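Residue numbers (our numbering): 775 to 955. Note that beta-carbon positions come from the ideal geometry of N, C-alpha and C, so glycine has one too. In this text, all values refer to a predicted model and were calculated from it rather than measured experimentally.
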């Protein structure tokens, strides 16, 4: 039994979060290719069919909840938001990852997508904590999680390998108690 159903949809005012489907590949790859400079060194999204297929496989695992962010008006894929390494037992934690394509940045899509995924994490998956690891220079991403109520918990040197380099990250997290306030 999966942690989530095969096809899920979360709806907000600006965006709809929807489980990725095989037919989404061309549109997502095109968005990611148009956003290479914007994402450089920050995220490594799927850039071809093989990488998209790996993303689809990951989306089916019990320890992941993967969503594409769709613009509600004039529907188009604007990015991706995912919970990965969903731990159960005494931890009840997941790691948050997200990105928005360059043409869609600064329009409130990520803000609403983050609110939707947190509601899903805490209400549906019954998690206690969600953690986001963000590179110190990613000012927009830090502002995003701070607005959502995340608290900076620490700094991890050479924490994640992105685009071929080990990169420092700040650790930000939010608990269900902080979220529900």
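Sequence-distant partners of residue 943 (beyond 5 residues in either direction) whose C-beta falls short of 8 Å from its own C-beta, in its chain, are 907, 908, 909, 910, 929, 930, 933 and 934. In the three-state scheme derived from DSSP, where H, G and I count as helix and E and B as strand, residue 935 is classed as strand. DSSP lists 791 and 853 as the beta-bridge partner residues of residue 843. In the three-state scheme derived from DSSP, where H, G and I count as helix and E and B as strand, residue 823 is classed as helix. Per DSSP, residue 904 is one residue of the beta strand (DSSP E) stretching across 903–908. Take the alpha-carbon of residue 811 and the one of residue 794: they are about 24 Å apart. Under the DSSP definition of a beta bridge, residue 944 partners with 908 and 929. Residue 950 sits in a helix when the DSSP states are folded into three classes. Taking the Cβ atoms as the reference, residue 854 lies roughly 7 Å from residue 872, within the contact range of under 8 Å.
Going by beta carbons, residue 839 and residue 867 fall outside the 8 Å limit. Minimum Cα-Cα distance from residue 843 among the listed residues 870, 791 and 803 corresponds to 791. By alpha-carbon distance to residue 827, the top candidate from 852, 797, 807 and 891 is 797.
Taking 8 Å as the cut-off, the Cβ atoms of residue 936 and residue 788 do not count as close.
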